[in-house]
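Numbering (my numbering), first residue to last: 68 to 462. Just so it is clear, CB atoms sit at the ideal spot from N, CA and C, and this is done for glycine as well. Only a predicted model underlies this, so the values are computations on that prediction, with no experimental measurement involved.
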């Protein structure tokens, strides 16, 4: 069957049409600047990208254009919308309501809406996409695949915060974690590469991109993860601060006379490696600046890697060991220097990087030496394929 995978943002929309039997991508693309002027980039399998500008006042027009391109005589890959069997939607926050993917129903949508306060930028946008697809593809079964679902196996000791318990009881304030679809896919693929049952493995997945998180996967289940109630907690990221002393918030508020909304803007959009380096949120720019002698850029890279190392080390302790440390997402898949720097801290575990094997970008490989007791791998993530698989499994 053909599954249309939709990843809807507030002003953008990514999509893939996947043949679930062969797991091949028939077409993929991106709608940008929805609500402004609108740009669609569409790429049928085996063909060049097609870029077009068109008015997209809302997501309705954007998804309509996507469906038009999929069935277009020249650029399309299917003859009619009847060839789309189901739609899988990436959903960010399902709270404690969803420990797995779920069929889209009116009741399910209402439940997701209750989680909107935890992901005010992501959840409402996702639901817009769901409602538009239900309108334009009536009768097609649809599935919501949640970023938070994979982490619902975490024990209480891992997800509770050290604040009055009533905030958890009344409002669900706890660590939920994100990037779950990516962590689940990469952990499963790692087990396949190593040729061992995932139930027998302790894996630490490092999803290092503009947004970044690390997850401890023990026996195929998430037992701890770095992001929290929101995607702001955890690692230093592109523009997000990650872990921070809460007292800093009071200091900034009083010193600069700003309210909580401005504080959150600073922590989400002006911090991370952008704020530290003063150069960019893109690691390529920071690495270029560091190579030219920019000490602040150099310190930023060292600080970033050090924070990743601390999380990995804590998860080795939490699981009482580790079999594999895996890198994925934009930075993790493409930056050999970052991978090598992080792994250099774990010689005591019997991990040694193979420089030749590590000299790759976006490829699947074991990057540690053959005699390393703990394996290091690079495994490109594929959230869309995971969403496709979850969709097929449910319908």
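For residue 457, which residues from the same chain have a beta carbon less than 7 Å from its beta carbon, with the 5 sequence-adjacent residues on both sides left out? Its chain contains 155, 168, 210, 212 as the residues whose beta carbon lies nearer than 7 Å to that of residue 457, once the 5 sequence neighbours on both sides are disregarded; these appear in chain order.
In chain order, each alpha helix (DSSP H) run of at least 4 residues that lies wholly inside the region 294-370: Qualifying alpha helix (DSSP H) stretches, in chain order: 313-323, 327-336, 339-344, 350-358.
What number of angstroms, rounded off, separates the C-alpha of residue 282 from the C-alpha of residue 314? Roughly 27 Å between the two C-alpha positions.
Label residue 328 either buried or exposed according to how many other C-beta atoms from any shown protein chain fall within 10 Å of its C-beta, with 16 as the threshold for buried. Around the C-beta of residue 328, fewer than 16 other C-beta atoms lie within 10 Å, and the residue is accordingly described as exposed.
Cutting at 7 Å between CB atoms, please list the residues of its own chain near residue 371, excluding the five before and the five after it. When the five nearest sequence neighbours on each side are left out, the beta carbons in the same chain lying within less than 7 Å of the beta carbon of residue 371 are those of 303, 340, in order along the chain.
Can you give the Cα-Cα distance for residue 291 and residue 235, rounded to whole angstroms? Between residue 291 and residue 235, the C-alpha separation is close to 18 Å.
Compute the beta-carbon to beta-carbon distance between residue 453 and residue 251, rounded to the nearest angstrom, for a pair I have assumed lies under 8 Å. About 6 Å separates the beta carbons of residue 453 and residue 251, which is inside the 8 Å limit, making them a contact pair.
Closest to residue 103 by C-alpha separation, out of 90, 79, 117, would be which residue? Ranked by how close their Cα comes to the Cα of residue 103, the residues 90, 79, 117 have 79 in first place.
Could you give the distance in angstroms between the alpha-carbon of residue 448 and the alpha-carbon of residue 396? If I take the Cα positions, the gap works out to 6 Å.
What is the DSSP secondary structure of residue 426, counted as helix, strand or coil? Here residue 426 sits in coil by DSSP.
Taking the alpha carbon of residue 360 as the reference point, which residue from 349, 375, 344, 348 has its own alpha carbon closest? When C-alpha distances from residue 360 are compared across 349, 375, 344, 348, the shortest belongs to 344.
For residue 155, list the residues DSSP reports as bridge partners. Under DSSP, residue 155 takes part in a beta bridge, and its partners are 72, 210.
Pick from 394, 416, 411 that is closest to residue 428, judged by C-alpha positions: Answer by Cα proximity: 394.
From residue 419 to residue 309, what does the alpha carbon distance come to, in whole angstroms? It is roughly 28 Å from the alpha-carbon of residue 419 to the alpha-carbon of residue 309.
If the criterion is Cβ atoms closer than 9 Å, does the pair residue 228 and residue 242 meet it? Cβ atoms of residue 228 and residue 242: closer than 9 Å.
Just the C-alpha distance for residue 128 and residue 159, rounded to the nearest angstrom, thanks. Cα to Cα, the separation comes out at about 23 Å.
Candidates 280, 247, 275, 284, of which the one nearest residue 264 by Cα: In this structure, 284 is the residue among 280, 247, 275, 284 with its C-alpha nearest to the C-alpha of residue 264.
Quick test of the definition: if touching needs 3 or more C-beta pairs under 8 Å, does the region 117-128 touch the region 188-200? By the Cβ criterion, the region 117-128 is in contact with the region 188-200, since at least three pairs of Cβ atoms, one from each stretch, lie closer than 8 Å.
Report yes if the C-beta distance between residue 402 and residue 350 is below 9 Å; otherwise report no. Judged by their CB atoms, residue 402 and residue 350 are nearer to each other than the 9 Å cut-off.
Mark residue 324 as exposed unless 16 or more other C-beta atoms lie within 10 angstroms of its C-beta, in which case mark it buried. Exposed: under 16 other Cβ atoms inside 10 Å.
How far does the alpha helix (DSSP H) with residue 236 in it extend, from its first residue to its last? Where residue 236 is concerned, the enclosing alpha helix (DSSP H) starts and stops at 233-238.
What is the rounded straight-line gap between the Cα of residue 388 and the Cα of residue 406? Rounded to whole angstroms, the separation of the alpha carbons of residue 406 and residue 388 is 20 Å.
Which of the three DSSP states is assigned to residue 148 in this structure? DSSP places residue 148 in helix when its eight states are reduced to three.
Cutting at 7 Å between CB atoms, please list the residues of its own chain near residue 348, excluding the five before and the five after it. Result list for residue 348: 277, 305, 306, 339, 340, 341, in chain order.
For residue 200, report the span of its alpha helix (DSSP H) as first-last. First-last of the alpha helix (DSSP H) with residue 200: 190-203.
Looking at residue 114: is its Cβ nearer than 9 Å to the Cβ of residue 153? Not closer than 9 Å, so no.
Alpha-carbon to alpha-carbon, residue 203 and residue 70: The straight-line gap from Cα to Cα measures roughly 15 Å.
Run of the beta strand (DSSP E) containing residue 216, from where it starts to where it stops: Careful: residue 216 lies outside any beta strand (DSSP E) and carries neither H nor E.
I think residue 271 touches residue 382, with their Cβ atoms under 8 Å apart; what is that distance to the nearest whole Å? The Cβ separation is near 5 Å, so the contact holds.
What are the boundary residues of the alpha helix (DSSP H) that residue 394 is part of? Boundaries around residue 394 are those of the beta strand (DSSP E), 391-395, since no alpha helix (DSSP H) includes it.
Give the range of the beta strand (DSSP E) segment to which residue 82 is assigned. DSSP places residue 82 inside the beta strand (DSSP E), whose first and last residues are 80-86.
According to DSSP, which residues form a beta bridge with residue 91? Answer is 86, bridged to residue 91.
What whole-angstrom Cβ distance do residue 31 and residue 346 have, given they're in contact under 8 Å? This structure cannot speak to residue 31, because the chain is shown only from 68 to 462.
If distances are taken between C-alpha atoms only, which option among 190, 239, 411 comes closest to residue 75? Here the closest residue by C-alpha is 190.
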